[in-house]
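Report on the following structure.
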Amino acid sequence: MTPDAIQARQLDVGYGGRQAAVKVLAGLDLTVAAGSFLSILGPSGCGKSTLLRVVADLLDPLGGTISVLGETPHVVRSRRDVGFVFQDSTLLPWRTVRDNVRLPLGVGQRSLTRKIKDRSTELLELMGLGGLGERLPHQLSGGQRQRVAIARALLGEPKLLLMDEPFGALDEITRDRLNDELLALWRRSGTTILFVTHSIGEAAYLGERVIVLAANPGRVVKDLDMRPFKQEGNRCKREDPAIVAAMADLRVALERAS
Amino acid sequence: MRQAPLSPQMTVALPVLGAASILLAWQYLLPLLGVPAYIVPTPTAIFGVFQKNFALLMDNLRPTLIEALAGFVIGNLAAVLLAVLFVHSRVLQAAYFPIVLFFNTIPILALSPIIILIFGLGMTPKIVIAAVICFFPTLVNMIRGLDSASDNEHELFRVLSATRSEIFWSLRLPRALPMLFSSLRIASATAVIGAIVGEWIGSDKGLGALIIQATFNYQSDRLYAAIVLSSSLSIALFCLVVLVERRIIKY
Chain A
49 MTPDAIQARQ LDVGYGGRQA AVKVLAGLDL TVAAGSFLSI LGPSGCGKST LLRVVADLLD
109 PLGGTISVLG ETPHVVRSRR DVGFVFQDST LLPWRTVRDN VRLPLGVGQR SLTRKIKDRS
169 TELLELMGLG GLGERLPHQL SGGQRQRVAI ARALLGEPKL LLMDEPFGAL DEITRDRLND
229 ELLALWRRSG TTILFVTHSI GEAAYLGERV IVLAANPGRV VKDLDMRPFK QEGNRCKRED
289 PAIVAAMADL RVALERAS
Chain B
128 MRQAPLSPQM TVALPVLGAA SILLAWQYLL PLLGVPAYIV PTPTAIFGVF QKNFALLMDN
188 LRPTLIEALA GFVIGNLAAV LLAVLFVHSR VLQAAYFPIV LFFNTIPILA LSPIIILIFG
248 LGMTPKIVIA AVICFFPTLV NMIRGLDSAS DNEHELFRVL SATRSEIFWS LRLPRALPML
308 FSSLRIASAT AVIGAIVGEW IGSDKGLGAL IIQATFNYQS DRLYAAIVLS SSLSIALFCL
368 VVLVERRIIK Y
């Protein structure tokens, strides 16, 4: 049986050490099935990004347990099973687009990097960046830069993709287009995706499931299964009445959480 | 109201015209005003020194060039290496950076006699003075540059389980290069100043020595020629830095 992508029990996360800690997440319980697409909504400061950072082994929890793909976050990170996409694309400005995508080949343990195939050409094509490989990041638009960041995260074929408001800074049209491309990628790859966003519409459209976190301290206040409102393969139309109703439901939860 | 930007031709032509107007005024206006030639010689007189005493000027340029270049390389290299050490050891940085800051407050003119006491009268003390004068701005800029990668960039490398040396070569160092080069540009001028100051205090060779000798002998045309040459040396060093910078930093 495939282990759950994430299993968190009574997870406490905070800053400032165990004693004087400011808790960002308190007693969080969360199970995410392998291969699913989870959207995470919540007001600023509710710990959405913090949760992703614990999963990615960038931050140690203060208490509780978390397993990722059946292992500790540290094991999963050192096996390179996690990809991370940040809100700002975090491309290295001195590297060409192609060399940015190839970054995972150049750093990290040789035993791991040797196993990764250089799929940069294929990924650039897939993300609609064919022909832009030799450009520098400052020559791209915001949407193109975010595509490069996604291609870089996908290079190592991660089993788990963590996305921290990746399209937050983009215009609506570009964002909608990238949403569709992301869904297509997800259907093809079977990767589990955790997608943090501020946008109710984006959360509802992308997620098979949407959770809403409340702040001070962060906890799950709403857990909505979106599959009943969608067709096979997590497909839906943005203006579908069922989706719009679910969005209204999420908005109420979000307003209460803020 | 904001003025319209200049055309490309004008951005080249105007500085040339500006310089030419000052040279012309210097050549023809100053003598008319009765400024004696032993205080301000005319541009043609200074140019004459370059023809008459070319060998003398070159003989004195050589040691200054070597001292400034060696000081530039040694001072900046030491600063870069110390910056690397400091950003990898916060303990060392906390312990020694304040002392480095203190040393920087000592005027180079006050420090120079000590350096000459230690290293004698040869080229070495001049190189050391030039190195010291380059050292500090580069150290400060390099520390800031090496620390200038964003949190997200560090997290990106951590997700990829990058080693410390990979983070250094692939992230910290490229991030630091623009700041390093901006301090190298400054150092290209200060290295020449350091070499000349060193020569003032104790030397019979070099542009600094030539400046002192010409001053005391009232050879003002020779003095001005030495100044022109020192400034040209700084400009040449500066251009070299810019050239290397353009090859390396393309973004």
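So the sequences go chain by chain: A and B.
For the first sequence, the positions run 49 to 306 when this note's numbering is used.
For the second sequence, the positions run 128 to 378 when this note's numbering is used.
Idealized CB from N, CA, C, for every residue including glycine.
I think S87/A touches T245/A, with their Cβ atoms under 8 angstroms apart; what is that distance to the nearest whole Å?
Taking the first residue of the first sequence as 1, we reach residue 87/A at position 39. Taking the first residue of the first sequence as 1, we reach residue 245/A at position 197. Going by Cβ atoms, the distance from S87/A to T245/A rounds to 6 angstroms, so yes, they are a contact pair.
Among residues of its own chain, excluding the 5 on either side of Q220/B, which ones have a beta-carbon nearer than 7 angstroms to its beta-carbon?
Counting from 1 along the second sequence, the entry for residue 220/B is found at position 93. Counting only Cβ-Cβ distances below 7 angstroms, and skipping sequence neighbours, we find F213.
Which residues in chain A sit within 8 angstroms of E372/B, going by Cβ to Cβ distance?
As a working mapping, residue 372/B is identified with position 245 in the second sequence. Those do not exist, as E372/B stays about 13 angstroms from chain A at its closest Cβ, beyond 8 angstroms.
Report the rounded CA-to-CA distance for M139/A versus A197/A, giving the unit in angstroms.
As a first step, residue 139/A is located in the first sequence; it is residue number 91 there, counting from the start. As a first step, residue 197/A is located in the first sequence; it is residue number 149 there, counting from the start. In the sequence as displayed, the identity of residue 139/A is Leu instead of Met. Roughly 7 angstroms between the two C-alpha positions.
Which residues bound the alpha helix (DSSP H) around Q136/B?
Indexing the second sequence from 1 puts residue 136/B at position 9. Per DSSP, Q136/B belongs to the alpha helix (DSSP H) from P135 to L151.
I need the DSSP call for D297/A, collapsed to helix, strand or coil.
Taking the first residue of the first sequence as 1, we reach residue 297/A at position 249. Of the three classes helix, strand and coil, the one that applies to D297/A here is helix, per DSSP.
Which of the three DSSP states, helix, strand or coil, is assigned to G131/A?
Taking the first sequence and counting its residues from 1, one reaches residue 131/A at position 83. Reduced to three states, the DSSP call for G131/A is strand.
Under 8 angstroms by Cβ, that's how I've got V355/B and I173/B pegged, so tell me the actual separation to the nearest angstrom.
Along the second sequence, read from residue 1 onward, the residue named residue 355/B stands at position 228. Along the second sequence, read from residue 1 onward, the residue named residue 173/B stands at position 46. That belief holds up - the Cβ atoms of V355/B and I173/B are roughly 7 angstroms apart, short of 8 angstroms.
My output table needs one value for D60/A: the three-state DSSP class, helix, strand or coil.
Here residue 60/A is taken as the residue at index 12 of the first sequence, counted from 1. D60/A falls in the strand class under three-state DSSP.
Using three-state DSSP, classify D77/A as helix, strand or coil.
Position 29 of the first sequence holds residue 77/A. DSSP places D77/A in strand when its eight states are reduced to three.
Tell me, please, whether the CB atom of F243/A is closer than 7 angstroms to any CB atom in chain B?
The residue labelled residue 243/A in the question sits at position 195 within the first sequence. Closer than 7 angstroms: no.
Any beta carbon from chain B within less than 7 angstroms of V102/A's own beta carbon?
Walking along the first sequence from the start, residue 102/A turns up at place 54. By this cut-off, V102/A is not an interface position.
Nearest to E213/A by alpha carbon, out of L100/A, V292/A and Q192/A?
Against the first sequence, residue 213/A aligns to sequence position 165. The candidate whose alpha carbon is nearest that of E213/A is L100/A.
Closest Cβ-Cβ distance between V286/B and chain A: below 7 angstroms?
To locate residue 286/B, count along the second sequence from 1; it is residue 159. So yes, V286/B belongs to the interface.
Can you have a look at L307/B and say buried or exposed, based on whether 16 or more other CB atoms are within 10 angstroms of its CB?
The residue you call residue 307/B lines up with position 180 of the second sequence. So L307/B ends up on the buried side.
According to DSSP, is K100/B part of a helix, a strand, or is it coil?
With chain B running from 128 to 378 in the structure shown, residue 100/B is simply not present.
From N268/B to D136/A, what distance separates their C-alpha atoms?
Indexing the second sequence from 1 puts residue 268/B at position 141. Indexing the first sequence from 1 puts residue 136/A at position 88. In a straight line, the C-alpha of N268/B is about 25 angstroms away from that of D136/A.
From F284/B to M211/A, what does the alpha carbon distance come to, in whole angstroms?
Indexing the second sequence from 1 puts residue 284/B at position 157. Indexing the first sequence from 1 puts residue 211/A at position 163. C-alpha separation (whole angstroms): 16 angstroms.
What residues in its chain sit with their C-beta under 7 angstroms from that of F177/B, if we drop five residues either side in the sequence?
Mapped onto the second sequence, residue 177/B falls at position 50. L184 and A352, listed in sequence order.
Can the beta-carbon of R193/A be found less than 7 angstroms from the beta-carbon of L177/A?
Indexing the first sequence from 1 puts residue 193/A at position 145. Indexing the first sequence from 1 puts residue 177/A at position 129. No, Cβ-Cβ distance for R193/A and L177/A is not below 7 angstroms.
Determine the burial state of C94/A: buried for a count of at least 16 other Cβ atoms within 10 Å of its Cβ, exposed for fewer.
By 1-based counting over the first sequence, the position of residue 94/A is 46. Answer is buried; the Cβ neighbour count reaches 16.
State yes or no: is the beta carbon of T239/A nearer than 7 angstroms to at least one beta carbon in chain B?
Along the first sequence, read from residue 1 onward, the residue named residue 239/A stands at position 191. With 7 angstroms as the cut-off, T239/A does not count as an interface residue toward chain B.
At a CB-CB cut-off below 8 angstroms, which residues of chain B make contact with W325/A?
There is no way to answer for residue 325/A, as the model of chain A reaches only from 49 to 306.
Considering just the uninterrupted stretch of the alpha helix (DSSP H) at L106/A, what are its terminal residues?
Indexing the first sequence from 1 puts residue 106/A at position 58. Here L106/A belongs to no alpha helix (DSSP H), and DSSP marks it neither H nor E.
Please tell me whether E326/B and A336/B are closer than 7 angstroms, where the distance is taken between their beta carbons.
Here residue 326/B refers to the residue found at position 199 when the second sequence is read from its first residue. Here residue 336/B refers to the residue found at position 209 when the second sequence is read from its first residue. Cβ distance < 7 angstroms, so E326/B and A336/B count as in contact.
Could you tell me if N344/B is buried or exposed, where buried requires 16 or more neighbouring beta carbons within 10 angstroms of its beta carbon?
Against the second sequence, residue 344/B aligns to sequence position 217. By the 10 Å Cβ count, N344/B comes out exposed.
Might you give, ordered along the chain, the residues of its own chain that have their beta carbon closer than 7 angstroms to the beta carbon of T50/A, omitting 5 neighbours on each side?
Along the first sequence, one-based indexing puts residue 50/A at 2. So the qualifying residues of the chain are A82.
In chain B, what lies closer than 9 angstroms to S126/A by C-beta?
The count along the first sequence starts at 1 and reaches residue 126/A at position 78. Those are S288, listed as they occur along chain B.
With DSSP as the reference, please indicate the residues paired to K259/A in a beta bridge.
By one-based count along the first sequence, residue 259/A stands at place 211. Looking at the sequence itself, residue 259/A is Ile, so the reference to Lys does not match. Note: I259/A sits in a beta bridge opposite I88/A and D271/A.
Name the DSSP beta bridge partners of L209/A, please?
Start at 1 with the first residue of the first sequence, and residue 209/A comes out as number 161. BP columns for L209/A point to G131/A and I241/A.
Going by DSSP in three states, K179/B sits in which element: helix, strand or coil?
Looking up residue 179/B in the second sequence gives position 52. Correct three-state label for K179/B: helix.
Which residues bound the alpha helix (DSSP H) around D278/B?
What you label residue 278/B is simply residue 151 of the second sequence in a count that begins at 1. Element bounds for D278/B: D278 to V286.
Strictly under 7 angstroms for the Cβ-Cβ distance: is G181/A near chain B by that measure?
Position 133 of the first sequence holds residue 181/A. G181/A does not count as touching chain B.
Helix, strand or coil for Q340/B? Go by DSSP, reduced to three states.
Locating residue 340/B in the second sequence gives position 213, counting from the first residue. Of the three classes helix, strand and coil, the one that applies to Q340/B here is helix, per DSSP.
Considering Cα atoms alone, identify which of S357/B, F262/B, L334/B and S275/B is closest to F86/B.
This structure cannot speak to residue 86/B, because chain B is shown only from 128 to 378.
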